[in-house]
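Report on one structure; see the data block that follows.
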Amino acid sequence: MAAIEVHETIDGFRATLDRARASGATVGFVPTMGYLHDGHVSLMRAAKGANDLAVASIFVNPLQFAADEDLSTYPRDLERDLDLSAAAGVTHVLHPSVEEMYPTPILTTVTVADITRRFEGASRPEHFAGVATVVAKLFSMVGPCRAYFGEKDFQQLAVVTRMAADLSMPVEVVGCPIVREPDGLAMSSRNVYLSPEQRAAAPVLHRALTEVVAAAEAGEDDVAVLRARLVDLVAGEEEAALDYAEVVDASTLEPAVDLAGPRRVLVAAHFGRTRLLDNMGISAPGV
Ligand code: PAF
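Read in our numbering, the sequence shown has 188 at position 183, and its numbers run on one by one without any break.
Here you go:
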């Protein structure tokens, strides 16, 4: 296992990657907020597999948390994160302080219109400006690279992909499949917040998605019927309070009226104070 270098300064991290690229290396980048799980590790392995150098960032970004959210209690374990990163082939990690990332109150932010309006954007109005801004900063620190994001945060993946394209960033955004627990629950750093009862109930999201996608793939093409089934299945679990359930166009994230084109089924629900997201693509005939 190669040794891992932890960079606390942006300049040091940027200079290392500039040198690597100058000697011909390609860079794969995995941005994270730490408390890594197998989903992050799969992104790191993908970065390592397709590039000469796999690098990551670990930074809990205050800009993407609302005042009543879990910024101060967000789980952290740097030593374990570095071990997992090194084992996955990552050799350089940017781990800046908040002061290093935001030395002065930030006046410049990045907002992505339209695709941020619904779903996570409706529940968490400041969230995507915070994500887009920090990811734009990270992309400017890393420089030309492939950047790996999980499909679990499907809307985030769409937002970052669009931002990189709209702003002509020298970054290829790569979406990677959701990694799940054996019972289907999508891996998330926030799963540790669940009580035993909530944890036992949480796989309902995956079960509901699986059933609705199977119905679509078996020929049910009425989007309203599919959506109603998804709502009913989640409502049947008393620990879950549905936030949203929708079949969307996979590129615009607008609610779909038919299945003519790539579609994604999105769902989010509260389990106590913890909000969990999940999603699944439909490969219906003709899609
Ligand atoms: O998905 C995350 O962990 C964060 O939103 C990201 C992309 C690292 C930005 O802070």
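Idealized CB from N, CA, C, for every residue including glycine.
All values reported here derive from a predicted model rather than from experimental measurement.
Residue i versus residue j: straight-line alpha-carbon distance, rounded
i: Gly94; j: Ala61; result: 10 Å
i: Gly135; j: Gln69; result: 4 Å
i: Ala177; j: Pro36; result: First, the amino acid is wrong: residue 177 is Glu here, not Ala. Approximately 13 Å, taken between the alpha carbons.
i: Arg26; j: Ala8; result: 19 Å
i: Phe276; j: Leu89; result: 28 Å
i: Asp86; j: Val46; result: 10 Å
i: Phe144; j: Gly241; result: 42 Å
i: Glu131; j: Val103; result: 18 Å
i: Leu76; j: Ala223; result: 43 Å
i: Val217; j: Leu22; result: 44 Å
i: Arg19; j: Gly180; result: 24 Å
i: Ile287; j: Thr109; result: 45 Å
i: Met285; j: Thr31; result: 31 Å
i: Gly33; j: Met174; result: 15 Å
i: Arg278; j: Tyr79; result: 13 Å
i: Pro267; j: Phe159; result: 14 Å
i: Ser28; j: Asn56; result: 14 Å
i: Leu210; j: Val253; result: 17 Å
i: Ala245; j: Val197; result: 16 Å
i: Arg24; j: Gly17; result: 11 Å
i: Met168; j: Glu243; result: 38 Å
i: Ala51; j: Arg269; result: 23 Å
beta-carbon residue i near the ligand ATP non-hydrogen atom, thresh 7 Å
i: Val197; result: This structure simply doesn't include the ligand ATP; it includes the ligand PAF instead.
Close beta carbons around residue i, own chain, < 7 Å, minus the five adjacent residues each side
i: Arg123; result: Leu258
i: Met192; result: His42, Asp43, Gly44, Val184, Arg185, Glu186
i: Pro306; result: There is no way to answer for residue 306, as the model of the chain reaches only from 6 to 292.
i: Ala163; result: Ile120, Leu258
i: Phe114; result: According to the sequence as given, residue 114 is Thr; it is not Phe. Closer than 7 Å at the Cβ level, and outside the excluded window around Thr114, lie Ala134, Thr138.
i: Gly155; result: Gly44, Leu48, Cys181, Ile183
i: Ala206; result: Glu242, Glu244, Ala245, Phe276
Supposed close pair residue i, residue j - CB separation, criterion 8 Å
i: Val228; j: Ala261; result: 5 Å
i: Ala250; j: Val230; result: Contact flag wrong, Cβ pair sits at about 13 Å.
i: Ala220; j: Arg234; result: 7 Å
i: Thr116; j: Ala137; result: 7 Å
i: Ser194; j: Met38; result: 7 Å
i: Val99; j: Met146; result: A small correction: the amino acid at residue 99 is Leu; Val does not occupy that position in the sequence shown. Indeed, because the Cβ distance is near 7 Å, the residues count as touching under 8 Å.
i: Leu172; j: Ala213; result: Actually they are not in contact, since the Cβ atoms of Leu172 and Ala213 sit about 36 Å apart, beyond 8 Å.
i: Glu13; j: Pro101; result: 6 Å
i: Asp226; j: Leu264; result: 5 Å
i: Thr96; j: Glu202; result: At roughly 42 Å, the Cβ-Cβ gap does not stay under 8 Å, so Thr96 and Glu202 are not in contact.
i: Met6; j: Ala91; result: 5 Å
Residues near residue i by beta carbon distance below 8 Å, same chain, minus five either side
i: Leu106; result: One point to set straight first is that residue 106 is Met, not Leu, in the sequence displayed. Taken in chain order, the residues that qualify are Ile15, Phe64, Asn66, Val139, Lys142.
i: Ser128; result: Asp248, Tyr249, Ala273, Arg280
i: Thr215; result: Gly189, Met285
i: Glu74; result: Arg129
i: Gln161; result: Glu125, Phe133, Val136, Phe154
i: Arg81; result: Gly39, Tyr40, Val65
Cut-off 6 Å between Cβ atoms - residues of its own chain near residue i, not counting five sequence neighbours on either side
i: Lys157; result: Ile183, Ala191
i: Lys53; result: Ala59, Gly94
i: Arg204; result: none
i: Leu282; result: Ala273
i: Ala152; result: Phe34, Val176, Val178
Task: 4 or more residues per run - each alpha helix (DSSP H) lying fully within the segment 193-248 - done: 201-206, 209-222, 228-240
Open item on the list: Just to be sure I understand the criterion: a residue counts if its Cβ is closer than 5 Å to at least one heavy atom of the ligand PAF. Which residues meet that?
Closed with: Pro36, Met38, Asn66, Val136, Val139
TODO: Tell me the start and end of each unbroken alpha helix (DSSP H) in the segment 115-198 that is at least 4 residues and wholly inside, in chain order.
DONE: 125-128, 132-147, 159-171
Task: Contiguous beta strand (DSSP E) assignments of at least 3 residues, all confined to the segment 6-45 - done: 10-12, 32-37
- [ ] Kindly provide the ranges of any beta strand (DSSP E) runs that are 3 or more residues long and lie completely inside the segment 49-128, ordered along the chain.
- [x] 58-63, 95-99
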